[in-house]
Amino acid sequence: MNRIEYLFKVFTKVEPLLRSQEPFQRPTNVYIPGLAAQPWYEPQNFAWVQQLEEKYQLIQQELLDSCLADKNRFIPYQEPKDFFPDSIGNYDGDDWQTFPFSLYGKKFQENCDLCPVTTKILQSIPRITGMVHFSALTKRSHIPPHCGPFNFILRCQLPLIVPANCELCVAHKSRKLVEGKLLIFDDSFVHEAWNNSDFTRIILLFDLYHPDLTDAEIREFEFIITHDPYIQEVLRNWISNFEKQKYLSSIMNLFKSRTKKLHPYKTGNMILHSGLHYHQVAPIKAQPKEARITLQGHGIFGEGSWQLYW
702 MNRIEYLFKV
712 FTKVEPLLRS
722 QEPFQRPTNV
732 YIPGLAAQPW
742 YEPQNFAWVQ
752 QLEEKYQLIQ
762 QELLDSCLAD
772 KNRFIPYQEP
782 KDFFPDSIGN
792 YDGDDWQTFP
802 FSLYGKKFQE
812 NCDLCPVTTK
822 ILQSIPRITG
832 MVHFSALTKR
842 SHIPPHCGPF
852 NFILRCQLPL
862 IVPANCELCV
872 AHKSRKLVEG
882 KLLIFDDSFV
892 HEAWNNSDFT
902 RIILLFDLYH
912 PDLTDAEIRE
922 FEFIITHDPY
932 IQEVLRNWIS
942 NFEKQKYLSS
952 IMNLFKSRTK
962 KLHPYKTGNM
972 ILHSGLHYHQ
982 VAPIKAQPKE
992 ARITLQGHGI
1002 FGEGSWQLYW
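Mind the numbering: the sequence shown is residues 702 to 1011 in the numbering used here, read in order.
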């Protein structure tokens, strides 16, 4: 049975899922036998890496100019929680954030348009696939041990903003992150990451098809995995978070651009305002154990008077 036939039969549950004999390799979704299995890959063995590393400062500058100016464009990293009990989907922290360019064929066009230089560089990388995004890990945080879904994909990380004491560990072998120096590993092996500094760490993360796969196999794999329920659920989660953050970003940008008008509360005095316009409760200075309590309702104005609903 060839790899394409095996992958199709696994996804359609005709064939049982095989397991790797490597002690630290446990892909959560599919294991394709016969592919070379090693935790780390040496970047110098990939012809395109030198050109990418030479351009890392262009990517870094675009990140600083276009992305970090509006941090609401970053969304929480999230995967489905119900598919695999050992996946990173059970990680609930907000300290791992992502700025997505594409996810298994789905483009986040607004982000691509915001970073045209980075997008063009990414398009020049052969056999790129899967997740493509800026990945931010906030200060004093840890991504716990986990395994990726497939063993036919390699993960690449290009460090862009790297404070001291940032580390990646794959199959219990650790490497320090160095700005502008690519790391390539098989994320079907157990791996984890640390940011033990007081600043946020940001990398460019993207995936590659395994070098043992032929071009014909890749074409078939792309069709099959994009119809996988796991991938579809990942897409739904990311798109939902992206649209939510985009809405929040538009509100925050509007607040920043407009002159704020404050209306102080006075005990016993009613305040009426339109709920259709952007509004917020201004922060107040309160003594310990003090609280602001209001009775809030809605009203309709008609025939010269207000009808209030509580």
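Beta carbons: idealized from backbone N, C-alpha and C, even for Gly. Treat the numbers as computed from the prediction; the structure is a model and nothing was measured.
V891 is positioned such that its CB atom lies closer than 7 Å to that of F725.
Judged by their CB atoms, L859 and N896 are not nearer to each other than the 7 Å cut-off. A distance below 8 Å between beta-carbons, with the five flanking residues on each side excluded, links I826 to the following residues of its chain, in chain order: W749, L753, F907, L909. Taking 8 Å as the upper bound for CB-CB distance, I733 and E921 are not in contact here, some 12 Å apart. DSSP, reduced to helix, strand and coil, places L869 within a strand of the structure shown. In this structure R774 is buried. Its beta-carbon is surrounded by 16 or more other beta-carbon atoms within 10 angstroms. For N942, the secondary structure class from DSSP, reduced to helix, strand or coil, is helix. With a 10 Å radius around the Cβ and a threshold of 16 neighbouring Cβ atoms, R937 comes out exposed. Leaving aside the five residues that flank S767 on each side, the residues in its chain whose CB is nearer than 7 Å to its CB run, in chain order, L815, C816.
Look at the beta carbons and you see the stretch 916-930 not touching the stretch 866-874: under three pairs across the two are nearer than 8 Å.
Q761 is classed as buried because its beta carbon has at least 16 other beta carbons within 10 Å across all chains shown. Residue state for I733 is assigned as coil, using DSSP reduced to three classes. Pairing F800 with V833, the inter-Cα distance amounts to about 9 Å. Sequence-distant partners of H911 (beyond 5 residues in either direction) whose C-beta falls short of 7 Å from its own C-beta, in its chain, are L736, F853, I854, L855. Within the DSSP secondary-structure output, Q997 pairs in no beta bridge. Taking the C-beta atoms as reference points, G881 is found no nearer than 7 Å to Y742. Within the same chain, and ignoring the five residues on either side of S721 in sequence, the residues whose Cβ sits closer than 6 Å to its Cβ are Y732. Taken through DSSP and simplified to helix, strand or coil, I972 comes out as coil. Partner residues in a beta bridge of G806, as assigned by DSSP, do not exist. For K821, the three-state secondary structure derived from DSSP is helix. In summary, D888 is buried, with 16 or more beta-carbon neighbours lying within 10 Å of its beta-carbon over all protein chains present.
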